[in-house]
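Trainee: Quick note: the sequence shown uses our numbering, first residue 25, plus one each step.
Idealized CB from N, CA, C, for every residue including glycine.
Here the structure is a predicted model, which is why all the values come from computation and not from measurement.
My questions all concern the structure below.
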Amino acid sequence: MTSKYLTSIHTLFATLFITVAATLPAVVPTAAAAAEPIDAEGWVYSGIYSEAWAPADDLSAVSAEVGKSMAIAGTFYSPYNGDVLQSAYNTTTPLESMWSAGSTPFVNIEILDSAASIAAGNHDGAIDNWANHVSTWLANGGGRSLIVAPLQEMNGDWVPYGLDPANFKLAYAKFVNAIRSRGLDETKVRFAFAPNGWTDPADPPISAYYPGHSSVDFIGISAYNFGTGAPYNGPWAQWEEAPQAIGQYLDILRTFAPNKPYIIAQTASATVGGDREAWLPATYQYLADDPNVVGLVYFNKDKANQGEIDWRVWDGGSASSGFHAASGLPSTRHEWPLTSFFAPGELTVVGASPPAPL
């Protein structure tokens with residue numbers, strides 16, 4: 025075979041490679057090699073969403089009340105403040121406040137626009153601005169780290185970026201690349217794919233939105249027990265124990281990402297239709313026994329004035345008996361920093377059978 029012929033073949037394959045690569049979303053891998061698998065059974069890290077913007081005092085108070093610190097602090101963040109880009113102060117202050125209370129931030133970051141618009145690059149400046157602020161905060165050292173969930177609940181019609189799997193994956197990649205291109209690896213920032221548990225049967229399944237193993241460290245599902253008094257309509261608007269409220273969605277995740285660690289990124293229980301104070305410790309233990317679940321973040325928000333539900337188990341002065349019991353379980357853990365979550369390499373869990381129904 026002549027060298028001229030070989031050169032032509034090499035040129036052809038190079039052209040094909042460049043053409044194909046140009047059509048794929050450019051995602052910098054989250055982690056190059058697998059870390060030691062996590063044995064997730066028998067324990068769970070607990071967390072909470074505070075109603076305070078800078079929640080250090082609130083997190084410290086609830087931790088003192090229940091006798092155990094919150095390993096994870098949940099928050100919602102927009103890279104915009106009205107029509108202008110978010111300031112460094114408004115980005116780093118809540119992060120530092122959560123960190124100073126001994127909690128790792130879990131940041132749901134949302135842009136109130138369509139997935140197609142985000143994927144087209146219309147918000148690249150805002151995403152880069154956010155990534156710069158995160159980089160500044162992480163530069164303070166001391167083990168600082170965070171989990172980022174871009175465009176949470178993308179499989180729902182209640183978010184403007186929802187119900188568009190192809191463009192969601194391109195938009196998700198924008199956040200990953202903005203962080204990784206600044207030299208912030210998996211020892212600083214982990215990414216969570218955070219769908220809602222329930223999906224309308226007429227809409228694409230959760231798996232259609234999955235960005236791929238290389239850019240997903242955790243799956244952070246939302247799953248609530250709405251009870252019988254919820255002002256909603258749907259098959260989920262009923263009292264559900266843990267296997268129904270959460271477990272059925274974990275089984276869906278295992279069909280396409282069986283080895284990923286899961287965080288229940290949003291969960292809470294209503295008080296109407298059953299015994300919430302019994303539900304809480306039973307659910308925490310159920311999740312601790314799950315082979316994939318490594319954390320949960322309780323949605324401690326009062327939404328009653330918005331025509332929804334008061335989900336709170338902590339009102340700033342006292343905690344419910346069920347939250348006391350759930351936090352006091354030996355299987356409910358706290359670690360800070362979460363070194364096991366931010367070890368070098370891809371995160372995986374040791375496979376095992378799911379827990380038996382309650």
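State whether the segment 265-282 contacts the segment 336-351, with contact taken as three or more CB pairs (one from each stretch) at a distance under 8 Å.
Mentor: Cβ pair count under 8 Å is below three, so no.
Trainee: Candidates 73, 109 and 251: which alpha carbon is nearest residue 297's?
Mentor: Numbered from 1 along the sequence shown, position 273 holds the residue referred to as residue 297. Considering only alpha carbons, the answer is 251.
Trainee: Considering only the alpha carbon of each residue, which of 277, 373 and 169 lies closest to residue 203?
Mentor: Counting from one through the sequence shown, the residue named residue 203 turns up at place 179. Selected option, being the one with the closest Cα: 169.
Trainee: Please work out which residues of its chain come closer than 7 Å, Cβ to Cβ, to residue 78, disregarding the five sequence neighbours upstream and downstream, and give them in chain order.
Mentor: Stepping through the sequence shown from its first residue, residue 78 is reached at position 54. Result list for residue 78: 117, 118 and 121, in chain order.
Trainee: Using the Cα positions of residue 238 and residue 370, report the straight-line distance between them to the nearest angstrom.
Mentor: Counting from 1 along the sequence shown, the entry for residue 238 is found at position 214. Counting from 1 along the sequence shown, the entry for residue 370 is found at position 346. Roughly 8 Å separates the two Cα atoms.
Trainee: Leaving out five residues on either side along the sequence, give the residues of the same chain with a beta carbon under 6 Å from the beta carbon of residue 357.
Mentor: Residue numbering aside, residue 357 sits at position 333 when the sequence shown is read from its first letter. For residue 357, where only same-chain residues beyond five positions count, the Cβ hits under 6 Å are 67 and 69.
Trainee: Where does residue 359 sit, in a helix, a strand or coil, going by DSSP?
Mentor: On the sequence shown, residue 359 is found 335 positions in, with the first residue counted as 1. In this structure, residue 359 counts as coil in the three-state DSSP scheme.
Trainee: Taking 7 Å as the cut-off, decide whether the C-beta atoms of residue 329 and residue 72 are in contact.
Mentor: Stepping through the sequence shown from its first residue, residue 329 is reached at position 305. Stepping through the sequence shown from its first residue, residue 72 is reached at position 48. Contact: no.
Trainee: Buried or exposed: which applies to residue 33, given that a residue is buried once 16 or more other Cβ atoms fall within 10 Å of its Cβ?
Mentor: To locate residue 33, count along the sequence shown from 1; it is residue 9. Per-residue confidence for residue 33 stands at a pLDDT of 33, beneath the threshold of 50, marking its modelled position as unreliable; no derived number is given.
Trainee: For the beta strand (DSSP E) that contains residue 307, what are its first and last residues?
Mentor: For the purposes of this step, residue 307 is taken as the residue at position 283 of the sequence shown. First-last for residue 307: 300-313, but that is the alpha helix (DSSP H), not the beta strand (DSSP E).
Trainee: Taking only the alpha-carbon atoms, compute the straight-line gap between residue 407 and residue 261 and give it to the nearest angstrom.
Mentor: Missing from the structure shown is residue 407; the chain here goes from 25 to 382 and no further.
Trainee: Counting Cβ pairs, one atom from each stretch, are 3 or more of them under 8 Å apart for the segment 142-157 and the segment 102-116?
Mentor: The segment 142-157, when compared against the segment 102-116, does touch it at the 8 Å Cβ threshold.
Trainee: At a Cβ threshold of 7 Å, is residue 295 touching chain B?
Mentor: In the structure shown, chain B does not exist; there is a single protein chain.
Trainee: Roughly how many angstroms separate the alpha carbons of residue 176 and residue 321, rounded to a whole number?
Mentor: Sequence index remark: in the sequence shown, residue 176 carries index 152 (1-based). Sequence index remark: in the sequence shown, residue 321 carries index 297 (1-based). The alpha-carbon atoms of residue 176 and residue 321 are separated by roughly 14 Å.
Trainee: Please go through the segment 205-290 and give each complete beta strand (DSSP E) segment of 3 or more residues, from N-terminal end onward.
Mentor: Here the runs fully enclosed are 213-217 and 242-246.
Trainee: Checking the sheet assignment: what are the DSSP bridge partners for residue 374?
Mentor: Indexing the sequence shown from 1 puts residue 374 at position 350. In DSSP, residue 374 forms no bridge with anything.
Trainee: Anyone know if the C-beta pair for residue 171 and residue 199 falls short of 7 Å?
Mentor: Numbered from 1 along the sequence shown, position 147 holds the residue referred to as residue 171. Numbered from 1 along the sequence shown, position 175 holds the residue referred to as residue 199. Taking 7 Å as the Cβ cut-off, residue 171 and residue 199 do not qualify as a contacting pair.
Trainee: Where do the N-terminal and C-terminal ends of the beta strand (DSSP E) with residue 173 fall, by residue?
Mentor: Taking the first residue of the sequence shown as 1, we reach residue 173 at position 149. Taken as a continuous stretch (DSSP letters only), the beta strand (DSSP E) holding residue 173 covers 170-174.
Trainee: Which value, in whole angstroms, describes the spacing of the CA atoms of residue 193 and residue 209?
Mentor: Residue mapping note: residue 193 aligns to position 169 of the sequence shown, counting from 1. Residue mapping note: residue 209 aligns to position 185 of the sequence shown, counting from 1. Cα to Cα, the separation comes out at about 20 Å.
Trainee: Please state the DSSP three-state secondary structure of residue 338.
Mentor: What you label residue 338 is simply residue 314 of the sequence shown in a count that begins at 1. Strand.
Trainee: Determine the burial state of residue 256: buried for a count of at least 16 other Cβ atoms within 10 Å of its Cβ, exposed for fewer.
Mentor: Mapped onto the sequence shown, residue 256 falls at position 232. That one is exposed.
Trainee: Going residue by residue through the segment 136-181, where are the continuous alpha helix (DSSP H) segments of at least 4 residues, counting only ones entirely within it?
Mentor: Segments of the alpha helix (DSSP H) lying fully in the segment 136-181: 139-143 and 148-162.
Trainee: Quick one: measure Cβ to Cβ for residue 100 and residue 214, integer angstroms, because I've assumed they're closer than 8 Å.
Mentor: To locate residue 100, count along the sequence shown from 1; it is residue 76. To locate residue 214, count along the sequence shown from 1; it is residue 190. Incorrect: roughly 18 Å between the Cβ atoms, too far for contact.
Trainee: Between the C-alpha atoms of residue 340 and residue 142, what's the straight-line distance to the nearest angstrom?
Mentor: Residue mapping note: residue 340 aligns to position 316 of the sequence shown, counting from 1. Residue mapping note: residue 142 aligns to position 118 of the sequence shown, counting from 1. Their backbone Cα atoms lie some 37 Å apart in a straight line.
Trainee: Distance check for residue 235 and residue 225, CA to CA, integer angstroms please.
Mentor: Position 201 of the sequence shown, counted from the start, is the residue given in the question as residue 225. Position 211 of the sequence shown, counted from the start, is the residue given in the question as residue 235. Whole-angstrom Cα-Cα distance: 21 Å.
Trainee: Have a look at 336, 287, 334 and 303 and flag the residue whose alpha-carbon is nearest the alpha-carbon of residue 372.
Mentor: Residue numbering aside, residue 372 sits at position 348 when the sequence shown is read from its first letter. Among 336, 287, 334 and 303, the Cα nearest to that of residue 372 belongs to 287.
Trainee: Can you tell me whether residue 281 is buried or exposed, with buried defined as 16 or more other CB within 10 angstroms of its CB?
Mentor: For the purposes of this step, residue 281 is identified with residue 257 of the sequence shown, where counting begins at 1. Buried, by the Cβ-count rule.
Trainee: Taking the alpha carbon of residue 368 as the reference point, which residue from 245, 241 and 80 has its own alpha carbon closest?
Mentor: Residue mapping note: residue 368 aligns to position 344 of the sequence shown, counting from 1. For the residues 245, 241 and 80, the minimum Cα distance to residue 368 belongs to 241.
Trainee: Unbroken beta strand (DSSP E) runs of length 3 or more, entirely within the segment 58-121: which are they?
Mentor: If we require 3 residues or more, the beta strand (DSSP E) runs fully inside the segment 58-121 come out as 68-73 and 96-101.
Trainee: With DSSP collapsed to three states, give me the class of residue 194.
Mentor: Start at 1 with the first residue of the sequence shown, and residue 194 comes out as number 170. Residue 194 falls in the helix class under three-state DSSP.
Trainee: How long is the line joining the alpha carbons of residue 437 and residue 244, rounded to whole angstroms?
Mentor: Residue 437 cannot be examined here, being either before or after the span of the chain that is shown, 25 to 382.
Trainee: Taking C-beta to C-beta, are residue 179 and residue 220 nearer than 7 Å?
Mentor: For this step, residue 179 is matched to residue 155 along the sequence shown. For this step, residue 220 is matched to residue 196 along the sequence shown. Yes.
Trainee: If I measure Cβ to Cβ from residue 233 and keep anything under 8 Å in the same chain, skipping five residues before and after, which residues do I get?
Mentor: Counting from 1 along the sequence shown, the entry for residue 233 is found at position 209. Excluding positions up to five away in sequence, the list reads 178, 179, 189, 192, 193, 217 and 219.
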